[in-house]
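Structure, as structure tokens:
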Amino acid sequence: MAMLSIVYFAWVREAIGRDEEQVERLDPGRTVADLVAMLAARGGGYAEALGDTARLRAAVDQRFVPMDSLIGEAKEVALFPPVTGG
Amino acid sequence: MAMLSIVYFAWVREAIGRDEEQVERLDPGRTVADLVAMLAARGGGYAEALGDTARLRAAVDQRFVPMDSLIGEAKEVALFPPVTGG
Amino acid sequence: MKRVAIQAEDFDVGGELAALEALGGGGVASFTGVVRGGNGLVALELEQYPAMTQAQVGRIVDEAMGRWPLLGVSVIHRFGRLEPGARIVFVGTASRHRTAALESCAFLIDWMKSDAPFWKKEHFAGGATQWVAARDEDAVKAQGWDS
Amino acid sequence: MKRVAIQAEDFDVGGELAALEALGGGGVASFTGVVRGGNGLVALELEQYPAMTQAQVGRIVDEAMGRWPLLGVSVIHRFGRLEPGARIVFVGTASRHRTAALESCAFLIDWMKSDAPFWKKEHFAGGATQWVAARDEDAVKAQGWDS
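Chains as they are written, first to last, in the working numbering: chain B, 1 to 86; chain Z, 87 to 172; chain S, 173 to 319; chain L, 320 to 466.
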């Protein structure tokens, strides 16, 4: 079964308590926001980290994307706070 | 008798063949342009270097000034081409 | 010349600039970012998204080289734990035109400061920590280059 | 920190920048001008007006420090005979604000390039020489900062 990697950074990573995990690949019609809602529904650190999408940014296969982007056939979704640069 | 130093730079210096000379201090009503005309009237390298004031720039006591500035009680007048910086 | 380095180690600014000077363009501009102290800060911890950083920085360097007539660009960004006074980021640009060198340097550092995939965590005396929030002004500044 | 040096000798860019980094501002910008080769140029000879140069450069540095919130400025300009690849001029600025560091660096190098009392003579292979003419574009650029 095809899997999707999810990677977390900064306080998203800290709240969830891990920096990477694998989930079953979603229906190609699902968006990043759908994935975030699905993960937040787990409660606990997930709800804390992912409950407010306004505080989150995402990348699909190492490209920044808006939350309503389709995940499609991507291999990796990254969820993180707005970057703070150098 | 009070003297005025005149200093020359770049091709003005080369055409005149010296980098510095002393002249008697002029009447306080005289301008830099008057001094230039007086020197150019000597002919030779002076005429070559100082004949066309549009090609010249000046400083009085180490301050850039327009050609119609009064020399007044200044101690040093510098005559040179437009600067070319670094 | 195009050099992008994402590294934990410090770097030699003089050496980076000498390589850019040697390209023969006549003008080299640079910006170096250093960890600022104050408010009891004992260290800044920089986290990155390694799979993304090198590619993203490379892409923005290509964009700068397309926009300005540059002979060389060097970008270095550090990650890990950095104490006040430590260098974080360096951008160097070489061109025959000083305006091109200066403007592209400003463009690149604006992008590095607002869009590069790094996150900063402040460590204070006594053990308190805090993730630095993104500053809107940086995003606005970087967008100013889009048009 | 304010440093103005008019000298024949080369200088250490890394060392100059390290002194500016040490001021704690967080941002250091620089521009280095290097003699460009080409067209058979074997050397550039820089003549200055010594009684004027140091004071003039000091004055423009003071002006930059009044206009931007700077912690330090370093300006170095060489005179004498310089071969292609040699450094001619350096401007470094340190600030808490990277825009201030970058803008003041651009302001100072524009001034140095258009208004500093230096004259350049080109020496070519075969012995020909030519005084470099002032470029109008430099004067226009420097004036752009007046308002």
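Here a beta-carbon is modelled for each residue, glycine too, at the ideal position from N, C-alpha and C. Nothing here was measured: the structure is a model prediction, and the numbers come from that model.
| Query | Result |
| --- | --- |
| Phe-290 of chain S vs Phe-251 of chain S beta-carbon contact at 9 Å | yes |
| Interface flag, Pro-256 of chain S vs chain B, CB-CB below 9 Å | no |
| Any beta strand (DSSP E) of 3 or more consecutive residues that is wholly inside the segment 6-55 of chain B | 20-24 |
| Element boundaries [beta strand (DSSP E), containing Ile-260 of chain S] | 259-267 |
| Given Ala-164 of chain Z as reference, the closest of Z:Gly-171, Z:Gly-130 and Z:Val-122 once Cα atoms are compared | Z:Val-122 |
| Residue burial classification, Asp-465 of chain L (beta-carbon count within 10 angstroms, cutoff 16) | Low confidence applies to Asp-465 of chain L: its pLDDT is 40, below 50, so where it sits in the model is not reliable, and the reading given next is rough at best. Asp-465 of chain L is exposed by the Cβ-count criterion. |
| Minimum Cβ-Cβ distance from Thr-418 of chain L to chain S less than 9 Å | yes |
| 7 Å Cβ cut-off: residues of chain S touching Pro-82 of chain B | Ala-306 |
| Pairwise C-alpha distance: Leu-427 of chain L and Ile-273 of chain L | Absent from the structure is residue 273 of chain L, since the part of chain L shown begins at 320 and ends at 466. |
| Boundaries (first-last residue) of the beta strand (DSSP E) holding Ser-202 of chain S | 199-206 |
| Buried versus exposed, by CB contacts within 10 Å (16 or more), Gln-228 of chain S | buried |
| Spatial neighbours of Val-354 of chain L in its chain, beta-carbon cut-off 7 Å, leaving aside the 5 residues before and after | Leu-363, Leu-401, Glu-402, Pro-403, Gly-404, Ala-405 and Ile-407 |
| Secondary structure, alpha helix (DSSP H): runs of 4+ residues fully inside the segment 277-311 of chain S | none |
| Own chain partners of Arg-18 of chain B with C-beta closer than 8 Å, once the 5 adjacent residues on each side are dropped | Tyr-8 |
| Coil, strand or helix - Ile-178 of chain S by DSSP | strand |
| Cβ of Gly-171 of chain Z within 9 Å of any chain L Cβ | yes |
| Residues within the segment 94-116 of chain Z neighbouring chain L, beta-carbon criterion of under 7 Å | Phe-95, Ala-96 and Trp-97 |
| Contact check, Ser-155 of chain Z vs Ala-144 of chain Z, beta carbons under 9 Å | yes |
| Within 8 Å of chain S by C-beta, residues of the segment 35-51 of chain B in sequence order | none |
| Any 3 or more C-beta pairs closer than 8 Å across the segment 415-427 of chain L and the segment 337-347 of chain L | yes |
| Pairwise C-alpha distance: Gly-264 of chain S and Ala-337 of chain L | 15 Å |
| Beta-carbon neighbours of His-442 of chain L, restricted to chain Z and to distances below 7 Å | None at all; the shortest Cβ gap to chain Z is about 14 Å. |
| Members of the segment 335-365 of chain L that neighbour chain Z once the beta carbon cut-off is set at 7 Å | Gly-352 |
| Cβ shell of Phe-183 of chain S (< 6 Å), same chain only, five flanking positions each side left out | Ile-248 |
| For Phe-330 of chain L, the residue or residues it bridges with in DSSP | Answer is none; Phe-330 of chain L lacks a bridge partner. |
| Buried or exposed by the 16-neighbour rule on C-beta atoms within 10 Å, applied to Phe-166 of chain Z | buried |
| Residues near Thr-372 of chain L in its chain [Cβ-Cβ closer than 6 Å; skip 5 each side] | Ile-325 and Pro-436 |
| One or two residues paired with Leu-337 of chain S in a DSSP bridge | Absent from the model: residue 337 of chain S. The displayed extent of chain S is 173 to 319, so no value can be given. |
| Alpha-carbon spacing of Val-185 of chain S relative to Val-392 of chain L, whole angstroms | 17 Å |
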